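What follows is a single structure, written as structure tokens, with notes after it.
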Amino acid sequence: MSEHEESNKPVAPESLLPIDEHVEEVQDSEGRKVRHRGIYLLPNLFTTANLFAGFFCIITAINGNFYVAAATVFVAMVLDSLDGRVARLTNTQSAFGAEYDSLSDMVAFGLAPAILAYEWALSELGNVGLTVAFIYVACAALRLARFNTQIGKVDKRWFIGLASPAAAGVVAGSVWAVWVLDEVGVKGVDLPLALVMLFALLVAAAGLLMVSNIKYYSFKDLDLKGRVPFVAILVVVLVFAVVFSDPPRVLLLIFLAYAASGPVQFLMRRNKSVDS
1 MSEHEESNKP VAPESLLPID EHVEEVQDSE GRKVRHRGIY LLPNLFTTAN
51 LFAGFFCIIT AINGNFYVAA ATVFVAMVLD SLDGRVARLT NTQSAFGAEY
101 DSLSDMVAFG LAPAILAYEW ALSELGNVGL TVAFIYVACA ALRLARFNTQ
151 IGKVDKRWFI GLASPAAAGV VAGSVWAVWV LDEVGVKGVD LPLALVMLFA
201 LLVAAAGLLM VSNIKYYSFK DLDLKGRVPF VAILVVVLVF AVVFSDPPRV
251 LLLIFLAYAA SGPVQFLMRR NKSVDS
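Here this note's numbering is used: the first residue of the sequence shown is 1, the next is one more, and so on.
And the structure:
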């Protein structure tokens, strides 16, 4: 075949694109391997929004708008909870979506809270603050990697280690609430050294809890589709009313209580086993 004939050979449309098509191999209900082309759009839109929220948090923190940055982390939590639920409701789960979700979580709940914490207060400690921020980032990465390898192997009712969104809630909630600063008349990054050290310990503790073997209740066994007593909706309304009465401080207290619940239950189980 001559060069002229080869040049006239039709080119497949896919080869004209600079991006390869995603092909995913899965097993059907009968165990046969099936190849699927493309990705599901709807759940990945929520994951992309979660990724953007983390990116926006980083940019606003660098620009010094700490309270908007902290609030954005909580927006990312809502988006992160929606993408998985939407995928399950629409039966659009995929390996690509799971990996994309983990990478987005690393930005939104790993990098973003660490940069926010460093820009807001940890930079006052120099290399120590930088080390604390990196410890949090590294622990978040390890937590997400371990979680991906444990899917289907552990009881879904429990998280092994503090979930990264909850750890991000502790860090970002501390910045957003500024609950002790109003009492001493301090705003922004002008923190007393004692409070900076306390905040550094809180960030490091949140990071270490993520890679611990302490169990946390995951709330994944809650049946949101079934019927519940009428009083349940009244409790939900009351919870919303309490949260909206002072979102920064109430959310911080909720995440601090959840972060503390794991070690408390661990110590209670340990004492019970020693007594028996």
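Positions of the beta carbon are idealized from the N, C-alpha and C atoms, including for glycine. These numbers come from a predicted model, not from an experiment.
Inter-residue Cα distance where the pair is Arg-146 and Leu-193: Pairing Arg-146 with Leu-193, the inter-Cα distance amounts to about 35 Å.
Runs of 3 residues minimum, wholly inside the stretch 36 to 90: which ones carry the beta strand (DSSP E) assignment? none
Assigned secondary structure, Ile-233 (DSSP; H/G/I helix, E/B strand, else coil): helix
Distance between Gly-169 and Ser-218 (C-alpha atoms, nearest Å): 15 Å
Using alpha carbons as the reference points, say which of Phe-230, Ala-166 and Asn-63 lies closest to Ala-205. Ala-166
Please classify Ile-160: does DSSP put it in a helix, a strand, or coil? strand
Consult DSSP for Lys-277 and reduce its assignment to one of helix, strand or coil. Because the chain spans 1 through 276 in this model, residue 277 falls outside it and cannot be assessed.
Which word fits Gly-279, buried or exposed, when buried means at least 16 other C-beta atoms lie within 10 angstroms of its C-beta? This structure does not reach residue 279, given that the chain is present from 1 up to 276, and the question cannot be answered.
For the alpha helix (DSSP H) containing Arg-227, list its first residue and its last residue. Element bounds for Arg-227: n/a, residue is neither H nor E.
So, using beta-carbon positions, are Pro-43 and Gly-126 closer together than 7 Å? No.
Going by the CB atoms, is the gap between Ala-76 and Ala-114 shorter than 7 Å? Their beta carbons are not under 7 Å apart, which means Ala-114 does not touch Ala-76 by this criterion.
Do the CB positions of Val-211 and Gly-161 come within less than 7 Å of each other? yes
Return the chain-ordered list of same chain residues with a C-beta closer than 6 Å to the C-beta of Ala-69, the five sequence neighbours on each side being excluded. Cys-57, Thr-60, Ala-61 and Leu-116
For Ala-141, which residues from the same chain have a beta carbon less than 7 Å from its beta carbon, with the 5 sequence-adjacent residues on both sides left out? Met-106 and Gly-110
For Lys-272: DSSP bridge partner residues: Paired residue(s): none; Lys-272 is not in a bridge.
Please classify Ile-233 as buried or exposed, where buried requires at least 16 other C-beta atoms within 10 Å of its C-beta. exposed
Glu-311 to Gly-262 span [Cα, whole Å]: Only positions 1 to 276 of the chain appear in this structure, which leaves residue 311 out of reach.
Out of Val-196, Phe-74 and Val-178, which has the shortest C-alpha to C-alpha gap to Leu-130? Val-196
Ser-245 versus Trp-176: straight-line alpha-carbon distance, rounded: 15 Å
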